[in-house]
Amino acid sequence: MTAVKVLVALHPQHPDRRVMEKLQRFAEQQKLAVTLYMCDYRSSIASRLMLQPESLEQAINHINSQHLKTLEALAAEFAHPNIDYQCETAWHKPYYEALIAKAEAMEAHWVIKMATPREGLRKWLFTSSDYQLLKTCAQPLLLTKGQSWAKDACVVAAVDPSHNDSQPSGLDKAVVKHAKAVAERLQLPLKVCHVFDPIGWEVVLNSTASAGVMGQFVVLDTPEDHQQMLQNLREEHQKNLSQLQKNHGLKDNEVVQLEGDPVDALLQFCNEQQAALLVVGTHYRSGLLGSTAEALFDSAECDLVAVKPAQFTALDSH
0 MTAVKVLVAL HPQHPDRRVM EKLQRFAEQQ KLAVTLYMCD YRSSIASRLM LQPESLEQAI
60 NHINSQHLKT LEALAAEFAH PNIDYQCETA WHKPYYEALI AKAEAMEAHW VIKMATPREG
120 LRKWLFTSSD YQLLKTCAQP LLLTKGQSWA KDACVVAAVD PSHNDSQPSG LDKAVVKHAK
180 AVAERLQLPL KVCHVFDPIG WEVVLNSTAS AGVMGQFVVL DTPEDHQQML QNLREEHQKN
240 LSQLQKNHGL KDNEVVQLEG DPVDALLQFC NEQQAALLVV GTHYRSGLLG STAEALFDSA
300 ECDLVAVKPA QFTALDSH
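Each step along the sequence shown adds one to the number in numbering that gives the first Met the number 0, with nothing skipped, and position 199 is 198.
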(Lines of atoms letter the chains of each structure in order from A; the text may use other names.)
(Lines give C-alpha, C1' and ligand atoms only; values in the text may rest on other atoms or scores of the structure.)
Protein backbone atom coordinates (compact mmCIF):
# COMPACT_ATOMS: atom_id res chain seq x y z
CA MET A 0 0.00 0.00 0.00
CA THR A 1 1.38 3.40 -1.02
CA ALA A 2 1.83 5.76 1.90
CA VAL A 3 -0.22 8.96 1.98
CA LYS A 4 2.07 11.99 2.15
CA VAL A 5 1.01 14.41 4.89
CA LEU A 6 2.56 17.78 5.68
CA VAL A 7 1.86 18.83 9.27
CA ALA A 8 2.54 22.48 10.09
CA LEU A 9 3.07 23.03 13.80
CA HIS A 10 3.08 26.42 15.50
CA PRO A 11 6.54 27.38 16.84
CA GLN A 12 5.10 28.56 20.16
CA HIS A 13 2.16 26.16 20.42
CA PRO A 14 3.03 22.69 19.02
CA ASP A 15 -0.27 21.12 20.12
CA ARG A 16 -0.04 17.37 20.70
CA ARG A 17 -3.67 16.81 19.73
CA VAL A 18 -2.82 17.07 16.04
CA MET A 19 -0.46 14.14 16.60
CA GLU A 20 -3.31 12.14 18.12
CA LYS A 21 -5.35 12.78 14.98
CA LEU A 22 -2.52 11.49 12.83
CA GLN A 23 -2.71 8.26 14.79
CA ARG A 24 -6.43 7.99 13.97
CA PHE A 25 -5.64 8.32 10.26
CA ALA A 26 -2.84 5.76 10.59
CA GLU A 27 -5.22 3.07 11.88
CA GLN A 28 -6.35 2.37 8.31
CA GLN A 29 -3.37 3.38 6.13
CA LYS A 30 0.34 4.10 6.01
CA LEU A 31 1.40 7.73 6.33
CA ALA A 32 4.60 9.49 5.29
CA VAL A 33 4.45 12.50 7.60
CA THR A 34 6.65 15.58 7.47
CA LEU A 35 6.48 17.56 10.71
CA TYR A 36 7.16 21.13 9.67
CA MET A 37 7.85 24.19 11.79
CA CYS A 38 8.37 27.55 10.07
CA ASP A 39 9.41 30.57 12.13
CA TYR A 40 10.34 34.18 11.54
CA ARG A 41 11.00 36.84 14.18
CA SER A 42 11.10 40.38 12.89
CA SER A 43 12.81 41.62 16.04
CA ILE A 44 15.80 39.33 15.50
CA ALA A 45 15.94 39.93 11.75
CA SER A 46 15.92 43.71 12.12
CA ARG A 47 18.34 43.81 15.06
CA LEU A 48 20.92 41.64 13.30
CA MET A 49 20.30 42.87 9.77
CA LEU A 50 23.78 44.39 9.53
CA GLN A 51 25.43 41.39 11.19
CA PRO A 52 24.81 38.51 8.75
CA GLU A 53 26.99 36.01 10.60
CA SER A 54 25.24 36.68 13.91
CA LEU A 55 21.85 36.49 12.18
CA GLU A 56 22.73 33.15 10.64
CA GLN A 57 23.85 31.83 14.04
CA ALA A 58 20.60 33.00 15.63
CA ILE A 59 18.52 31.36 12.89
CA ASN A 60 20.46 28.12 13.19
CA HIS A 61 19.95 28.09 16.96
CA ILE A 62 16.20 28.67 16.63
CA ASN A 63 15.88 26.00 13.95
CA SER A 64 17.85 23.50 16.03
CA GLN A 65 15.54 24.07 19.00
CA HIS A 66 12.48 23.59 16.78
CA LEU A 67 13.99 20.44 15.30
CA LYS A 68 14.43 18.98 18.79
CA THR A 69 10.77 19.73 19.52
CA LEU A 70 9.64 17.99 16.34
CA GLU A 71 11.87 14.97 16.90
CA ALA A 72 10.54 14.63 20.45
CA LEU A 73 6.96 14.66 19.14
CA ALA A 74 7.82 12.07 16.50
CA ALA A 75 9.33 9.81 19.16
CA GLU A 76 6.40 10.29 21.54
CA PHE A 77 3.82 9.51 18.86
CA ALA A 78 5.65 6.71 17.06
CA HIS A 79 3.29 4.44 15.13
CA PRO A 80 4.00 1.38 12.95
CA ASN A 81 2.05 2.96 10.08
CA ILE A 82 3.72 6.39 10.30
CA ASP A 83 7.12 7.30 8.87
CA TYR A 84 8.18 10.68 10.27
CA GLN A 85 10.50 13.30 8.85
CA CYS A 86 11.18 16.60 10.60
CA GLU A 87 11.99 19.89 8.94
CA THR A 88 12.28 23.53 9.98
CA ALA A 89 12.34 26.78 8.03
CA TRP A 90 12.90 30.51 8.52
CA HIS A 91 10.63 32.42 6.18
CA LYS A 92 8.06 35.19 5.87
CA PRO A 93 5.25 35.12 4.86
CA TYR A 94 4.53 31.79 6.48
CA TYR A 95 1.98 30.52 3.98
CA GLU A 96 4.43 30.82 1.06
CA ALA A 97 6.89 28.49 2.76
CA LEU A 98 4.13 26.02 3.58
CA ILE A 99 2.76 25.96 0.03
CA ALA A 100 6.26 25.58 -1.44
CA LYS A 101 7.00 22.66 0.89
CA ALA A 102 3.69 20.97 0.09
CA GLU A 103 4.41 21.20 -3.62
CA ALA A 104 8.03 20.06 -3.27
CA MET A 105 7.09 16.91 -1.35
CA GLU A 106 3.96 16.33 -3.49
CA ALA A 107 1.83 16.20 -0.36
CA HIS A 108 -1.59 14.58 -0.50
CA TRP A 109 -2.77 16.47 2.59
CA VAL A 110 -1.74 19.54 4.56
CA ILE A 111 -2.66 19.81 8.24
CA LYS A 112 -2.30 23.06 10.15
CA MET A 113 -3.18 23.89 13.72
CA ALA A 114 -5.27 26.97 14.30
CA THR A 115 -3.65 29.78 16.26
CA PRO A 116 -4.86 29.82 19.88
CA ARG A 117 -5.88 33.11 21.46
CA GLU A 118 -7.19 34.34 24.78
CA GLY A 119 -10.75 35.48 25.32
CA LEU A 120 -14.16 34.21 24.26
CA ARG A 121 -12.94 33.23 20.80
CA LYS A 122 -10.44 30.48 21.49
CA TRP A 123 -9.01 30.30 17.97
CA LEU A 124 -7.70 33.00 15.67
CA PHE A 125 -8.26 32.92 11.90
CA THR A 126 -5.03 34.53 10.68
CA SER A 127 -4.17 36.13 7.35
CA SER A 128 -1.97 33.09 6.62
CA ASP A 129 -4.96 30.80 7.20
CA TYR A 130 -6.99 32.84 4.73
CA GLN A 131 -4.21 32.77 2.13
CA LEU A 132 -3.88 29.01 2.56
CA LEU A 133 -7.63 28.57 2.07
CA LYS A 134 -7.36 30.42 -1.22
CA THR A 135 -4.12 29.08 -2.63
CA CYS A 136 -3.21 25.68 -1.14
CA ALA A 137 -3.81 23.13 -3.92
CA GLN A 138 -3.82 20.18 -1.52
CA PRO A 139 -6.73 19.38 0.83
CA LEU A 140 -6.12 21.58 3.87
CA LEU A 141 -7.19 20.46 7.33
CA LEU A 142 -7.40 23.41 9.72
CA THR A 143 -7.75 21.84 13.13
CA LYS A 144 -8.78 23.48 16.37
CA GLY A 145 -7.27 20.79 18.51
CA GLN A 146 -10.28 19.07 20.05
CA SER A 147 -10.31 15.28 19.91
CA TRP A 148 -12.54 13.41 17.47
CA ALA A 149 -15.26 11.48 19.25
CA LYS A 150 -15.80 7.85 18.29
CA ASP A 151 -19.48 8.56 17.50
CA ALA A 152 -18.77 11.70 15.47
CA CYS A 153 -19.34 12.10 11.73
CA VAL A 154 -17.86 13.80 8.66
CA VAL A 155 -20.01 16.55 7.12
CA ALA A 156 -19.51 17.70 3.52
CA ALA A 157 -21.03 20.96 2.25
CA VAL A 158 -21.99 20.92 -1.45
CA ASP A 159 -23.89 23.21 -3.80
CA PRO A 160 -25.03 21.18 -6.84
CA SER A 161 -27.14 24.12 -8.04
CA HIS A 162 -24.17 26.53 -8.13
CA ASN A 163 -23.20 27.64 -11.61
CA ASP A 164 -19.49 27.20 -10.86
CA SER A 165 -19.84 23.73 -9.36
CA GLN A 166 -19.95 21.69 -12.57
CA PRO A 167 -17.15 23.35 -14.56
CA SER A 168 -14.85 23.63 -11.58
CA GLY A 169 -15.54 20.11 -10.30
CA LEU A 170 -15.81 21.57 -6.81
CA ASP A 171 -18.62 19.35 -5.53
CA LYS A 172 -16.91 16.30 -7.00
CA ALA A 173 -13.72 17.12 -5.11
CA VAL A 174 -15.62 17.80 -1.87
CA VAL A 175 -17.51 14.49 -1.97
CA LYS A 176 -14.43 12.53 -3.04
CA HIS A 177 -12.29 13.77 -0.15
CA ALA A 178 -15.12 13.62 2.39
CA LYS A 179 -15.81 9.98 1.50
CA ALA A 180 -12.11 9.16 1.79
CA VAL A 181 -11.80 10.82 5.20
CA ALA A 182 -14.96 9.17 6.52
CA GLU A 183 -13.71 5.77 5.37
CA ARG A 184 -10.24 6.24 6.88
CA LEU A 185 -11.62 7.43 10.20
CA GLN A 186 -14.48 4.89 10.07
CA LEU A 187 -17.04 7.63 10.67
CA PRO A 188 -20.46 8.11 9.03
CA LEU A 189 -20.72 10.62 6.18
CA LYS A 190 -23.32 13.38 5.78
CA VAL A 191 -23.37 15.32 2.48
CA CYS A 192 -25.35 18.52 2.94
CA HIS A 193 -26.78 21.16 0.64
CA VAL A 194 -28.42 24.30 2.04
CA PHE A 195 -31.43 25.85 0.32
CA ASP A 196 -31.66 29.49 1.39
CA PRO A 197 -35.32 30.64 1.06
CA ILE A 198 -34.55 34.13 2.34
CA GLY A 199 -31.89 34.59 -0.30
CA TRP A 200 -34.34 33.52 -2.98
CA GLU A 201 -37.02 35.78 -1.49
CA VAL A 202 -34.70 38.72 -2.07
CA VAL A 203 -34.00 37.62 -5.65
CA LEU A 204 -37.67 37.07 -6.48
CA ASN A 205 -38.77 40.35 -4.93
CA SER A 206 -36.07 42.40 -6.62
CA THR A 207 -36.44 40.81 -10.06
CA ALA A 208 -40.23 40.89 -10.00
CA SER A 209 -40.34 44.55 -8.94
CA ALA A 210 -37.80 45.44 -11.62
CA GLY A 211 -39.68 43.53 -14.29
CA VAL A 212 -36.66 41.33 -15.00
CA MET A 213 -38.67 38.12 -14.73
CA GLY A 214 -41.90 39.57 -16.02
CA GLN A 215 -41.78 37.71 -19.30
CA PHE A 216 -41.13 34.40 -17.53
CA VAL A 217 -42.89 34.54 -14.14
CA VAL A 218 -45.99 36.29 -12.84
CA LEU A 219 -46.06 36.69 -9.05
CA ASP A 220 -49.42 38.36 -8.49
CA THR A 221 -50.30 36.77 -5.15
CA PRO A 222 -48.53 35.42 -2.04
CA GLU A 223 -49.59 31.97 -3.21
CA ASP A 224 -47.74 32.49 -6.49
CA HIS A 225 -44.71 33.58 -4.53
CA GLN A 226 -44.79 30.54 -2.25
CA GLN A 227 -45.32 28.22 -5.21
CA MET A 228 -42.25 29.65 -6.90
CA LEU A 229 -40.20 29.07 -3.74
CA GLN A 230 -41.51 25.51 -3.53
CA ASN A 231 -40.55 24.93 -7.16
CA LEU A 232 -37.06 26.23 -6.44
CA ARG A 233 -36.83 24.04 -3.33
CA GLU A 234 -37.79 20.97 -5.35
CA GLU A 235 -35.29 21.89 -8.06
CA HIS A 236 -32.51 22.05 -5.46
CA GLN A 237 -33.60 18.66 -4.09
CA LYS A 238 -33.55 17.25 -7.62
CA ASN A 239 -30.00 18.49 -8.14
CA LEU A 240 -28.93 16.99 -4.82
CA SER A 241 -30.54 13.65 -5.74
CA GLN A 242 -28.57 13.66 -8.99
CA LEU A 243 -25.35 14.32 -7.06
CA GLN A 244 -26.26 11.42 -4.76
CA LYS A 245 -26.71 9.14 -7.76
CA ASN A 246 -23.47 10.29 -9.39
CA HIS A 247 -21.42 9.51 -6.28
CA GLY A 248 -23.20 6.37 -5.13
CA LEU A 249 -24.29 7.88 -1.82
CA LYS A 250 -26.84 6.21 0.44
CA ASP A 251 -30.11 7.94 1.34
CA ASN A 252 -28.98 8.47 4.94
CA GLU A 253 -25.78 10.14 3.70
CA VAL A 254 -27.54 13.02 1.92
CA VAL A 255 -29.35 15.91 3.63
CA GLN A 256 -30.96 19.08 2.29
CA LEU A 257 -30.96 21.81 4.93
CA GLU A 258 -32.84 25.09 4.83
CA GLY A 259 -31.79 28.54 6.04
CA ASP A 260 -28.72 30.74 5.95
CA PRO A 261 -25.87 28.53 4.65
CA VAL A 262 -23.45 29.30 7.47
CA ASP A 263 -26.02 29.10 10.28
CA ALA A 264 -27.64 25.94 8.94
CA LEU A 265 -24.32 24.13 8.51
CA LEU A 266 -23.08 25.15 11.95
CA GLN A 267 -26.30 23.97 13.60
CA PHE A 268 -26.21 20.66 11.74
CA CYS A 269 -22.56 20.08 12.64
CA ASN A 270 -23.32 20.73 16.31
CA GLU A 271 -26.35 18.42 16.28
CA GLN A 272 -24.39 15.64 14.58
CA GLN A 273 -21.25 16.16 16.70
CA ALA A 274 -19.23 16.52 13.52
CA ALA A 275 -15.51 15.84 13.70
CA LEU A 276 -14.83 17.49 10.34
CA LEU A 277 -16.63 19.85 7.98
CA VAL A 278 -15.43 19.55 4.38
CA VAL A 279 -15.98 22.63 2.19
CA GLY A 280 -14.90 23.67 -1.28
CA THR A 281 -12.95 26.83 -2.02
CA HIS A 282 -11.42 28.36 -5.11
CA TYR A 283 -9.46 31.54 -5.63
CA ARG A 284 -11.91 33.27 -7.95
CA SER A 285 -14.80 33.35 -5.51
CA GLY A 286 -14.70 35.79 -2.64
CA LEU A 287 -18.05 34.43 -1.46
CA LEU A 288 -16.74 30.91 -1.03
CA GLY A 289 -13.69 32.24 0.75
CA SER A 290 -15.71 34.35 3.16
CA THR A 291 -18.12 31.46 3.81
CA ALA A 292 -15.23 29.15 4.64
CA GLU A 293 -13.75 31.86 6.85
CA ALA A 294 -17.06 32.33 8.68
CA LEU A 295 -17.42 28.59 9.16
CA PHE A 296 -13.88 28.25 10.49
CA ASP A 297 -14.39 31.21 12.79
CA SER A 298 -17.55 29.79 14.36
CA ALA A 299 -17.51 26.02 13.89
CA GLU A 300 -16.61 23.88 16.87
CA CYS A 301 -15.31 21.13 14.59
CA ASP A 302 -12.27 21.04 12.33
CA LEU A 303 -12.49 22.37 8.77
CA VAL A 304 -11.21 20.72 5.60
CA ALA A 305 -10.88 22.99 2.55
CA VAL A 306 -10.53 21.31 -0.85
CA LYS A 307 -9.97 22.65 -4.36
CA PRO A 308 -11.24 21.37 -7.72
CA ALA A 309 -9.01 18.80 -9.41
CA GLN A 310 -7.57 21.21 -11.98
CA PHE A 311 -6.62 23.83 -9.39
CA THR A 312 -2.94 24.78 -9.13
CA ALA A 313 -1.38 27.06 -6.55
CA LEU A 314 -0.96 30.58 -7.92
CA ASP A 315 2.43 32.09 -8.58
CA SER A 316 1.28 35.34 -6.97
CA HIS A 317 -1.11 35.58 -4.08
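All residues carry an ideal CB built from backbone N, CA and C; glycine is no exception.
Among the options, whose alpha-carbon lies nearest the alpha-carbon of residue i?
i: His91; options: Thr291, Lys101 and Asn252; result: Lys101
i: Asp129; options: Ala156, Val110 and Val191; result: Val110
i: Asp171; options: Met19, Ala309, Gln12 and Met0; result: Ala309
i: His10; options: Lys112, Gly259, His61 and Lys134; result: Lys112
i: Val279; options: Gln273, Asn270 and Ala294; result: Ala294
i: Met19; options: Ser42, Phe77, Glu96 and Arg41; result: Phe77
i: Asp297; options: Gln273, Lys150, Gln272 and Leu266; result: Leu266
i: Leu189; options: Glu258, Lys238 and Leu277; result: Leu277
i: Met105; options: Pro80, Cys269, Ala149 and Tyr36; result: Tyr36
i: Lys150; options: Cys269, Glu56, Leu187 and Pro160; result: Leu187
i: Glu235; options: Cys269, Ala114 and Phe195; result: Phe195
i: Thr115; options: Lys245, Phe268 and Gln12; result: Gln12
i: Leu132; options: Ser46, Gly145 and Glu103; result: Glu103
i: Gly259; options: Thr135, Asn60, Ser42 and Arg233; result: Arg233
i: Ala8; options: Ser64, Arg47, Glu96 and Asn60; result: Glu96
i: Ala299; options: Asn231, Lys238, Gly145 and Ser42; result: Gly145
Throw me the rounded Cβ distance for the residue i and residue j pair, which I believe falls under 8 Å.
i: Ala178; j: Val154; result: 6 Å
i: Leu185; j: Arg24; result: 6 Å
i: Leu22; j: Ile62; result: At roughly 25 Å, the Cβ-Cβ gap does not stay under 8 Å, so Leu22 and Ile62 are not in contact.
i: Pro261; j: Thr281; result: Rounded, the Cβ-Cβ distance is 14 Å, inconsistent with contact.
i: Leu73; j: Pro160; result: Their Cβ separation, rounded to whole angstroms, is 41 Å, which puts Leu73 and Pro160 out of contact at 8 Å.
Compare the beta carbon distance of residue i and residue j with 7 Å and say whether it is the shorter of the two.
i: Cys86; j: Leu98; result: no
i: Cys38; j: Tyr84; result: no
i: Leu249; j: Val158; result: no
i: Gln227; j: Leu240; result: no
i: Ile44; j: Ala26; result: no
i: Gln273; j: Ala152; result: yes
i: Ala275; j: Cys301; result: yes
i: Pro197; j: Leu229; result: yes
i: Val181; j: His247; result: no
i: Thr88; j: His108; result: no
i: Phe311; j: Ala137; result: yes
Does the beta carbon of residue i sit closer than 7 Å to a beta carbon anywhere in chain D?
i: Lys68; result: You won't find chain D in this structure, because it holds only one protein chain.
(message) Using a Cβ distance threshold of 8 Å, determine whether the region 141-153 contacts the region 298-305, with at least three qualifying pairs required.
(response) Flag = yes, the region 141-153 and the region 298-305 touch.
(request) Report the residue ranges of all alpha helix (DSSP H) runs contained in full by the region 228-289; include only those spanning at least 4 residues, in chain order. (result) The region 228-289 contains these whole alpha helix (DSSP H) runs: 261-272.
(request) Evaluate the contact criterion for the region 123-134 versus the region 25-33: three or more CB pairs, one atom per stretch, below 8 Å. (result) Cβ pair count under 8 Å is below three, so no.
(message) Any contact between the region 43-55 and the region 4-12? By contact I mean 3 or more CB pairs, one from each, below 8 Å.
(response) Output reads no: the region 4-12 does not touch the region 43-55.
(message) Please give the ranges of any beta strand (DSSP E) in the region 83-133, keeping only runs that are unbroken, at least 3 residues long and fully inside the region.
(response) Taking only runs of at least 3 residues, the beta strand (DSSP E) segments lying wholly in the region 83-133 are 109-113.
(request) Starting from the N-terminal side, write out each stretch of the beta strand (DSSP E) that is 3 residues or longer and does not extend beyond the region 143-196. (result) Here the runs fully enclosed are 153-157 and 189-195.
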